[in-house]
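In what follows, a structure is listed as structure tokens, so that the remarks can point back to it.
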Amino acid sequence: MMGRYPGMWGKQGAGAVHEGRPLWRRSSVCGNESECVEVAVCEGRVLARDSKTLGRTPLGFSASVWTDFLHAVAQGELDGL
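Take the sequence shown: its letter number 50 is residue 50 in full-length UniProt numbering, and every next letter is one higher.
What follows is the structure, encoded as structure tokens:
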């Protein structure tokens, strides 16, 4: 995962935890808007959640599935969906 997208996690790295909780990240493009996807790594899984519904259980993906998803997005394979 980090080999293909080395800069996506910032200085603290994938799996960074703050006070025992996943460190959620969102794109800088989102700014202060609340319509963003947030991503964190916890116990070897990639978690994703909607910033509008923080109380809901996040979706969880294996690292390989998340990497495949990022690759598909980068290649434009999901355009038009």
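All C-beta atoms in this analysis are idealised placements derived from N, C-alpha and C, irrespective of residue type, glycine included.
Look up residue i in the DSSP assignment and give the residues it is bridged to.
i     : result
Glu38 : Arg49
Ser62 : Arg45
Let's test the definition: count the other Cβ atoms within 10 Å of the Cβ of residue i and tell me whether it reaches 16, buried, or not, exposed.
i     : result
Val73 : exposed
Arg56 : exposed
Ser64 : exposed
For residue i and residue j, what's the separation of their Cα atoms in angstroms?
i     : j     : result
Leu81 : Glu43 : 31 Å
Arg21 : Leu78 : 31 Å
Asp68 : Cys30 : 23 Å
Val37 : Arg25 : 9 Å
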